[in-house]
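Notes follow the structure.
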Amino acid sequence: MLEKLPEVVGHALRDRRAGLDKLAFNRCGLRGGHGTLQISSLAFTDHGPIPARYTADGDGESPPLQWQGVPANAASLVLVVEDADAPTSEPLVHAIVVDLPAGDGGLPEGAIKGPAGEGRHVHEGRNSYLRAGWLPPDPPPGHGEHRYAFQLFALGPGEAFEGKPGRDDVLAAIRERGLASGILVGTYARPDGSVPVEGAQAVAA
């Protein structure tokens, strides 16, 4: 993956970004209910900066989330977190959580298993590192601001997800029985010089 790179590489890839149009929110095929879920966080505002404590530069815990507006006929919720500005062909998946209880609610800070291995026993899918859990924001230095999309989907009745579902599995379920969606965007950037040269060399080695 390309999340940790020396600044010179970050600059070279500055114009290469996956794009908002490739987010699950924009590819799910929902018509009615699209964008009707309200998702927010006590840690940051929509399109505001994500505090460093929730990134690879801090404790790396998942941020607290709240949501409302879930349809009465929803059977479960799915959360997908993606980096729309990853220098890759597709957005980088930072977390997938499936089979969340239907209804207004949320996730407390650190609910999704982070690098320390702790969590709140939610059903996690695979991130882009092919592991279950929270992949903290870790943009390349000098690549500019990255937009992290916390996307929530309400699903109608159907079978529970098995194992550790990936993005394609989740998108297939949303297209089959999706009822509503919502999105919260947080930003994070590593400016030039934010990572010591020796650290960048160690990552590149």
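Note that the numbering used here has the sequence shown beginning at 14, numbered continuously upward. C-beta: ideal position from N, C-alpha, C; glycine also.
Under the three-state DSSP convention, the category residue i falls into
i, result
"Ile187", "helix"
"Phe38", "helix"
"Tyr67", "helix"
"Arg180", "helix"
"Leu165", "strand"
"Leu33", "helix"
"Arg44", "coil"
"Glu16", "Per-residue confidence for Glu16 stands at a pLDDT of 44, beneath the threshold of 50, marking its modelled position as unreliable; no derived number is given."
"Asp151", "coil"
"Pro62", "strand"
Exposed unless 16 or more other CB atoms sit within 10 angstroms - verdict on residue i
i, result
"Gly146", "buried"
Cβ shell of residue i (< 7 Å), same chain only, five flanking positions each side left out
i, result
"Glu103", "Ala31, Lys35"
"Gly118", "Trp80"
Beta-carbon proximity list for residue i, same chain, < 8 Å, skipping 5 on both sides
i, result
"Gly82", "Thr49, Leu50, Gln51, Asp117, Ala193, Gly195"
"Gly191", "Cys41, Gly42, Leu43, Gly46, Phe166, Ala167, Leu168, Gly169"
Own chain partners of residue i with C-beta closer than 6 Å, once the 5 adjacent residues on each side are dropped
i, result
"Gly240", "Look at the range of the chain in this structure, 14 to 218, and you will see that residue 240 is not part of it."
Span separating the alpha-carbon of residue i from that of residue j
i, j, result
"Asp96", "Gly127", "17 Å"
"Gly155", "Pro64", "18 Å"
"Gly157", "Val183", "29 Å"
"Arg203", "Asn86", "42 Å"
"Glu137", "Val93", "10 Å"
"Gly199", "His60", "5 Å"
"Asp72", "Glu175", "30 Å"
"Ala124", "Ile187", "23 Å"
"Pro62", "Val111", "26 Å"
Within-9 Å CB hit, residue i to chain C
i, result
"Ile187", "Checking the listed chains, one finds no chain C in this structure; it contains a single protein chain."
Margin query: As an exercise, report each continuous beta strand (DSSP E) stretch of at least 3 residues that is fully enclosed by the region 82 to 147, in chain order.
Written below: Those beta strand (DSSP E) runs which fall completely within the region 82 to 147 and span 3+ residues are 89 to 96, 105 to 114, 118 to 120.
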